[in-house]
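Trainee: Mind having a look at this structure? Questions to follow.
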Amino acid sequence: MPFEPSSRLPRLPGKDCRPGQSSDSRRDGFAGGSISLIVLLVEIPVAFLLGLTSVIRGWGRADGQTAAPPMDLVPVLWLGGFTLGVLVIGVIFLHAAHPFAGAVQLFVAAIALCFTIAAWHNQYERAHPPPLPTETGIPPSARR
Numbered sequence: 020m021p022f023e024p025s026s027r028l029p030r031l032p033g034k035d036c037r038p039g040q041s042s043d044s045r046r047d048g049f050a051g052g053s054i055s056l057i058v059l060l061v062e063i064p065v066a067f068l069l070g071l072t073s074v075i076r077g078w079g080r081a082d083g084q085t086a087a088p089p090m091d092l093v094p095v096l097w098l099g100g101f102t103l104g105v106l107v108i109g110v111i112f113l114h115a116a117h118p119f120a121g122a123v124q125l126f127v128a129a130i131a132l133c134f135t136i137a138a139w140h141n142q143y144e145r146a147h148p149p150p151l152p153t154e155t156g157i158p159p160s161a162r163r
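Numbering-wise (this note's numbering), the sequence shown opens with residue 20 and increments by one.
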């Protein structure tokens, strides 16, 4: 049998992402769904623990303080770190030619970013309360 050179160029496994091919021919349907499910099963308990620790941190605070408390940035930083981690995982999946798993991770990162912004807003409102009403209930700028 004579040697015939192959006309195909060698490709790295898993990097065959030509636009003309569907995701099924790239074998991403099952692999992407499985990877996404496994990563989500790891991320859900981590997010639950982050939320639980943030709630527990707020239980010990006294409600009758006279001055506004400073901003507590620990929950914001924890949620921001979680958001950044999920975003990095999503980008790695997209780079590794798993578009379904990457898209799911980017969606989870967007949800985590919303929770991070909400936590920051909550801490900002707690640290900067509205001014107390005056004795007459009329602000000084409206008095004659």
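Backbone N, C-alpha and C fix where the C-beta goes; we use that ideal spot for every residue, glycine too.
Hey, would you say residue 129 sits closer than 8 Å to residue 101, going by beta carbons?
Mentor: Not closer than 8 Å, so no.
Trainee: For a minimum of 3 consecutive residues, which ranges assigned as the beta strand (DSSP E) are wholly contained in the stretch 110-156?
Mentor: Here no run is fully enclosed.
Trainee: Please classify residue 53 as buried or exposed, where buried requires at least 16 other C-beta atoms within 10 Å of its C-beta.
Mentor: Residue 53 should be labelled exposed.
Trainee: Compare the C-alpha of residue 105 against each of 91, 115, 123 and name the closest.
Mentor: Taking only the C-alpha atoms, the option nearest residue 105 is 123.
Trainee: Just to check my reading of the structure: residue 88 and residue 145 have Cβ atoms closer than 8 Å, yes? What is that Cβ distance to the nearest angstrom?
Mentor: About 7 Å separates the two Cβ atoms, so the contact holds.
Trainee: Between residue 97 and residue 63, what straight-line distance do the alpha-carbon atoms span, to the nearest angstrom?
Mentor: Rounded to whole angstroms, residue 97 to residue 63 spans 15 Å at the Cα level.
Trainee: Measure the Cβ-Cβ separation of residue 136 and residue 58 and say whether it is below 8 Å.
Mentor: No, these two residues do not count as a Cβ contact at 8 Å.
Trainee: Enumerate in chain order the residues of its own chain whose CB-to-CB distance from residue 126 is below 8 Å, with the five nearest sequence positions on each side excluded.
Mentor: Answer for residue 126: no residue qualifies.
Trainee: Would you kindly work out how many angstroms separate the C-alpha atoms of residue 73 and residue 148, rounded to a whole number?
Mentor: Approximately 20 Å between the Cα atoms of the pair.
Trainee: Count the other CB atoms, across all protein chains shown, that sit within 10 Å of the CB of residue 67; report buried if there are 16 or more and exposed otherwise.
Mentor: Flag for residue 67 reads exposed.
Trainee: CB residue 138 to CB residue 55, shorter than 8 Å?
Mentor: Cβ atoms of residue 138 and residue 55: not closer than 8 Å.
Trainee: Residue 142 and residue 92 - do their beta-carbons sit closer together than 8 Å?
Mentor: Contact flag set, yes.
Trainee: Alpha carbon to alpha carbon, what distance is there between residue 133 and residue 114?
Mentor: Going from the Cα of residue 114 to the Cα of residue 133 covers about 24 Å.
Trainee: If you reduce the DSSP assignment to three classes, tell me which class residue 103 lands in.
Mentor: It is helical.
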